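Quick notes on the structure that follows.
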Amino acid sequence: MKIGKARVPYLLLLPGFAFLFTFFILPILNLAQTSTQTPVKGGDTGQYEQTFAFSNYINAFVDNREQFGRSFVYATLATILALAIAYPLAYAIAFKSGKFKNILLVLVVAPFFTSFLLRTVAWKQILGEEGFIVPTLRSLHIISEQTTLTSTAFAVVAGMTYNFLPFMTLPLYASLERIDPRTIEASGDLYANGLTTFRRVTVPLSMPGVVAGTLLTFIPAAGDYVNAAILGSPNTKMIGNVIESRYFKIVDYPTAAALSFTLMAAILILVTLYIRKAGTEELV
Amino acid sequence: MSNDAISARGDLRLTRITKSYGDFTAVDDLTLTIPKGSFFALLGPSGCGKTTTLRMVAGLEEPTVGSIHLGDTDITTTRPYQRPINTVFQNYALFPHLSIFENIAFGLRRRGIKDVKEQVDKVLNLVELPHLAERKPTQLSGGQQQRIALARAIVNRPALLLLDEPLGALDLKLRRQMQIELKWIQREVGLTFVHVTHDQEEAMTMADTIAVMNEGRIEQMGSPADLYDDPETAFVANFLGQSNLIKGKIEGTDGDNLVIDLFGQKISMPKKRSHAVDSSMYAGIRPEKFRISLVGTPTRGNTLTGGHIEDVSYIGVSTQYVVAMPWGQELMVFEQNDDGVAPFDKGDEVVISWEPTFTFGLRGDEDVGAGTEVNPEEPTEE
Numbered sequence: 008m009k010i011g012k013a014r015v016p017y018l019l020l021l022p023g024f025a026f027l028f029t030f031f032i033l034p035i036l037n038l039a040q041t042s043t044q045t046p047v048k049g050g051d052t053g054q055y056e057q058t059f060a061f062s063n064y065i066n067a068f069v070d071n072r073e074q075f076g077r078s079f080v081y082a083t084l085a086t087i088l089a090l091a092i093a094y095p096l097a098y099a100i101a102f103k104s105g106k107f108k109n110i111l112l113v114l115v116v117a118p119f120f121t122s123f124l125l126r127t128v129a130w131k132q133i134l135g136e137e138g139f140i141v142p143t144l145r146s147l148h149i150i151s152e153q154t155t156l157t158s159t160a161f162a163v164v165a166g167m168t169y170n171f172l173p174f175m176t177l178p179l180y181a182s183l184e185r186i187d188p189r190t191i192e193a194s195g196d197l198y199a200n201g202l203t204t205f206r207r208v209t210v211p212l213s214m215p216g217v218v219a220g221t222l223l224t225f226i227p228a229a230g231d232y233v234n235a236a237i238l239g240s241p242n243t244k245m246i247g248n249v250i251e252s253r254y255f256k257i258v259d260y261p262t263a264a265a266l267s268f269t270l271m272a273a274i275l276i277l278v279t280l281y282i283r284k285a286g287t288e289e290l291v
Numbered sequence: 105m106s107n108d109a110i111s112a113r114g115d116l117r118l119t120r121i122t123k124s125y126g127d128f129t130a131v132d133d134l135t136l137t138i139p140k141g142s143f144f145a146l147l148g149p150s151g152c153g154k155t156t157t158l159r160m161v162a163g164l165e166e167p168t169v170g171s172i173h174l175g176d177t178d179i180t181t182t183r184p185y186q187r188p189i190n191t192v193f194q195n196y197a198l199f200p201h202l203s204i205f206e207n208i209a210f211g212l213r214r215r216g217i218k219d220v221k222e223q224v225d226k227v228l229n230l231v232e233l234p235h236l237a238e239r240k241p242t243q244l245s246g247g248q249q250q251r252i253a254l255a256r257a258i259v260n261r262p263a264l265l266l267l268d269e270p271l272g273a274l275d276l277k278l279r280r281q282m283q284i285e286l287k288w289i290q291r292e293v294g295l296t297f298v299h300v301t302h303d304q305e306e307a308m309t310m311a312d313t314i315a316v317m318n319e320g321r322i323e324q325m326g327s328p329a330d331l332y333d334d335p336e337t338a339f340v341a342n343f344l345g346q347s348n349l350i351k352g353k354i355e356g357t358d359g360d361n362l363v364i365d366l367f368g369q370k371i372s373m374p375k376k377r378s379h380a381v382d383s384s385m386y387a388g389i390r391p392e393k394f395r396i397s398l399v400g401t402p403t404r405g406n407t408l409t410g411g412h413i414e415d416v417s418y419i420g421v422s423t424q425y426v427v428a429m430p431w432g433q434e435l436m437v438f439e440q441n442d443d444g445v446a447p448f449d450k451g452d453e454v455v456i457s458w459e460p461t462f463t464f465g466l467r468g469d470e471d472v473g474a475g476t477e478v479n480p481e482e483p484t485e486e
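Chains as they are written, first to last, in the working numbering: chain Z, 8 to 291; chain F, 105 to 486.
Structure (C-alpha cells):
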C-alpha cells in the first residue's frame, strides 16, 4: 500500500488524537453537561436532570471560595519553594557535577519509582509525633511541646513541594544545560562579575526552564488533593478535596462538575497571564 | 593584581608560561612579547597550545607556572572581568536573549559608561550594520554575527583585543573579505590585536608578526615574509606554504656562500640563510622559486639535472608540476601561466634551476614531514 507523503503527518497524529478525543474531549463534554443539572424532584440520591442551571456555578464558587483561595495560595507557595530548591540543584547538576551528572539526574527522578500516595504517607510519618523531626525541634526548643507538624498548612505545602520537585528540576536542568558556556565566559570578559553574570546572562537564558518548571509544578499543585488529605486537616482543605468529596461522598455531581470547570478556567487564565508576562516567545 | 589592572596599558609580556593538565603540557615554557598597537597572530595546528595561551591572557585559565604582564601591571591572576582585555570568541558567543544593541552595550553598562547610545551607534557604523540594532543575534547571518562580536569587543577600547579563530565559521569568500576588513578596523581603532588561527593564509594576510606554535612551544616568530622566506625549522617550512626539502651535505664555503652537495650535484646558498648546526643539512626551496627548462636550453643559478616531469596539474593562474629526480625524490614546482598554456608535458626530460639566494638551510636531523600532515581546514581545538 502506498501512502501519499503529505498524509503521513496526519496518520502519525491519529492515535494521539483518538486517545484525547475518547478520554479527554468526551468526558469534558459530559462534565459540562452535568455541571448545569439539578436533582430530580422526589428522586433518589444521585438522580439529576438537565435544567441548564448556570446558578450552580455561582453557588459552587461562593460556597467554596475559601478553598479556592487556599488552593492557589498553597500551590503558589509550593511552586516558589520548589523553584528555590530546584534552581541551585539544577545549576549544580548542569555546571558543576562532572562525571556524577547522570547519577544525580537518576536520583532526581528516583522518587517516581514509588507511588505518589506511598511517598506522601511516608511524609506523614516523618513529620508525625514518632518521626525524628518533631522530637528534635522540641528538644531544641524551636517548637513548643504542644506544636505538631502534621495536620498543618506547613505539612501540606511541604508535601506538595516535595512531590512536585522533579517537575521543577528537570526542565530547569534542561534549559541550564543548553546554555553555551562561552556566553558565560563572554559575560566575564565584558566586565561582569560572577553575580552580575548570573543575573544578566544565566537567569535570562534559563527562563524557558523556569516557565516550564513553574507551570508543571503549579498546575498539578493547584488541583491536588492527596497532600491535603493525608498531611492536612479540615482547616487546610483545598478545592481538590472539595471536588473529591462532592463526587464520591455526597454524590453531588453538578457541584463537583461546576467546581472542576471553574478550577480549570482559573488555571487557564492564570497560566495565560503568566506566559504573557514571562514573554518566553522571545527566547530561542 | 591591583584594582587598577583595568586601566593597565602597554606591551603584553608572557614570561616562561607553562600550562599543564595532569600529564599533558598544553603550553611549555613560553616567553613572548607582543608590542602595543600590533596585529599579532598565534598560528599553529590543533592542539598546539595557541588557544590555551589566548585563554590565559583573557583570564579564563591560570598558568601553572609563569607570569603575564600588561605594561608594568602583573595580571597573571587577575579575574577576567578586571582585565582591560576583550575577546572575540569562536562562534561569537553573542547573548541570545539580548538585542544587538544591548549585546554591544553590555560591557559599557557593566563599567557604568555614560554615553552608551552614542558609542554603540558609532561602533555599529564602523562595522556597517547600524540597521540591525534592534534585531536578535539569531536573526543575523554568520558574517553579521561575526561583525557584531567584533563590535561588542572593540566598543570597550580594550588594551588588548583577542580573536579566537574569529573567521573559522565563515565560508571561504566571506573569510577573505573579513580578513581585509579586520585589518582595516585594526588600523582604524589602533588597538593591539592578538589573533589565534590554524589558517596560515589568514595569519599571513592580517598579522604584522606571526608566532608559529607547535606542541606548546613557539617554533619561530617574525613577519609573514620572513617566516615564508627564511623558515628555521621543517615544521615552519611545511606549515606555512609548501617546501621542497632536499637532503644535502655542506662541502665548504665560497665567500659569503656555502657550497652544498645534493646527491652529487653542487649548489650554493647564502651562509646566513642556513640554520644547520653541522655539515648535514636540508636545502629548502619553495615550489614557485624553481624554474623548469628542457634539457639543452641555457639555465642560470643553481641547477639540478636528470629530472623528468611526472605529473602536470593545470590550475588556471599557475601550473603545478611534479618532477621526479634521479635520487627518487619528487619535487613540487609552480610555474606562472604568464605565457599561456603549460609548456611541459608528462615525461619531458628537464633541468630545474633557481636563484641561490632563495635557498634556505635546515638542520640535517629535522623531521622533513613535520607540519605537512596537518589539515588546515579541520575544526580547531576546544
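No residue lacks a Cβ here, since even glycine has one placed at the ideal position from N, Cα and C.
Quantities reported herein were computed from a predicted structural model and do not represent experimental measurements.
Beta-carbon neighbours of residue i, restricted to chain Z and to distances below 7 Å
{"i": "R215/F", "result": "Y198"}
{"i": "Y185/F", "result": "G195, Y198, A199, N200"}
{"i": "G211/F", "result": "L197, Y198"}
{"i": "A162/F", "result": "D196"}
Between the CA atoms of residue j and residue i - distance to the nearest angstrom
{"i": "A112/F", "j": "L264/F", "result": "10 Å"}
{"i": "A39/Z", "j": "A129/Z", "result": "37 Å"}
{"i": "K103/Z", "j": "Y180/Z", "result": "12 Å"}
{"i": "V141/Z", "j": "I150/Z", "result": "8 Å"}
{"i": "F59/Z", "j": "T43/Z", "result": "5 Å"}
{"i": "I35/Z", "j": "Y81/Z", "result": "26 Å"}
{"i": "V340/F", "j": "L147/F", "result": "10 Å"}
{"i": "K12/Z", "j": "N37/Z", "result": "37 Å"}
{"i": "R256/F", "j": "G294/F", "result": "16 Å"}
{"i": "L90/Z", "j": "L202/F", "result": "24 Å"}
{"i": "D471/F", "j": "Y386/F", "result": "10 Å"}
{"i": "F30/Z", "j": "F161/Z", "result": "35 Å"}
{"i": "T301/F", "j": "T168/F", "result": "23 Å"}
{"i": "S106/F", "j": "A237/F", "result": "Residue placement at S106/F is poorly supported in this model, since its pLDDT is 43, which falls under 50; the coordinates still yield a value, given next. Rounded to whole angstroms, S106/F to A237/F spans 36 Å at the Cα level."}
{"i": "E414/F", "j": "S150/F", "result": "33 Å"}
{"i": "T279/Z", "j": "F174/Z", "result": "19 Å"}
{"i": "T461/F", "j": "R321/F", "result": "29 Å"}
{"i": "L158/F", "j": "H148/Z", "result": "58 Å"}
{"i": "L286/F", "j": "F394/F", "result": "34 Å"}
{"i": "P262/F", "j": "G368/F", "result": "58 Å"}
{"i": "E355/F", "j": "R279/F", "result": "47 Å"}
{"i": "E187/Z", "j": "W288/F", "result": "At residue 187/Z the sequence reads Asp, which differs from the Glu that was named. The straight-line gap from Cα to Cα measures roughly 30 Å."}
{"i": "I274/Z", "j": "P241/Z", "result": "24 Å"}
Sheet register partners of residue i (DSSP bridge)
{"i": "D178/F", "result": "H173/F"}
{"i": "P374/F", "result": "N361/F"}
{"i": "F193/F", "result": "Y196/F"}
{"i": "R321/F", "result": "N318/F"}
{"i": "T119/F", "result": "S171/F"}
{"i": "M167/Z", "result": "According to DSSP, which records beta bridges pairwise, M167/Z is partnered with nothing at all."}
{"i": "I413/F", "result": "V427/F"}
{"i": "Y94/Z", "result": "Looking at the DSSP assignment, Y94/Z forms no beta bridge with any residue, so it has no partner."}
Beta-carbon neighbours of residue i, restricted to chain F and to distances below 9 Å
{"i": "R189/Z", "result": "F193, Q194, N195, Y196, A197"}
{"i": "L212/Z", "result": "F199, P200, H201"}
Inter-residue CB distance, residue i and residue j (contact presumed, cutoff 8 Å)
{"i": "I121/F", "j": "G170/F", "result": "4 Å"}
{"i": "M561/F", "j": "K154/F", "result": "Nothing about residue 561/F can be read from this structure; chain F reaches only from 105 to 486."}
{"i": "I487/F", "j": "Q223/F", "result": "What is shown of chain F runs 105 to 486, which leaves residue 487/F out entirely."}
{"i": "A162/F", "j": "T191/F", "result": "5 Å"}
{"i": "A265/Z", "j": "A67/Z", "result": "4 Å"}
{"i": "N348/F", "j": "I371/F", "result": "Going by Cβ atoms, the distance from N348/F to I371/F rounds to 12 Å, so no, they are not a contact pair."}
{"i": "T155/Z", "j": "E136/Z", "result": "7 Å"}
{"i": "K353/F", "j": "I364/F", "result": "7 Å"}
Neighbouring residues, chain F, relative to residue i (Cβ below 7 Å)
{"i": "V208/Z", "result": "F199"}
{"i": "T203/Z", "result": "R214"}
Contacts of residue i in chain Z (Cβ-Cβ under 8 Å)
{"i": "N190/F", "result": "D196, L197"}
Residue i: contacting residues in chain Z (beta-carbon distance under 9 Å)
{"i": "L158/F", "result": "Within chain Z, no residue comes near L158/F; the closest Cβ sits about 11 Å away, beyond 9 Å."}
Does the segment 209-229 of chain F touch the segment 162-170 of chain Z, meaning 3 or more C-beta pairs lie closer than 8 Å? no
Inspect the CB distances between the segment 465-474 of chain F and the segment 335-344 of chain F and report whether three or more fall short of 8 Å. yes
Report yes or no: do the segment 134-149 of chain F and the segment 312-322 of chain F share at least 3 C-beta pairs separated by less than 8 Å? Touching, yes.
Contact between the segment 72-79 of chain Z and the segment 242-253 of chain Z (3+ Cβ pairs under 8 Å): yes
Would you call the segment 216-230 of chain Z and the segment 190-205 of chain Z in contact, with 3 or more CB pairs under 8 Å? The segment 216-230 of chain Z, when compared against the segment 190-205 of chain Z, does not touch it at the 8 Å Cβ threshold.
If contact is defined by three or more beta carbon pairs under 8 Å, each pair taking one atom from either stretch, is the segment 448-464 of chain F in contact with the segment 389-409 of chain F? Taking a cut-off of 8 Å on C-beta distances, the segment 389-409 of chain F touches the segment 448-464 of chain F, as three or more cross pairs fall below it.
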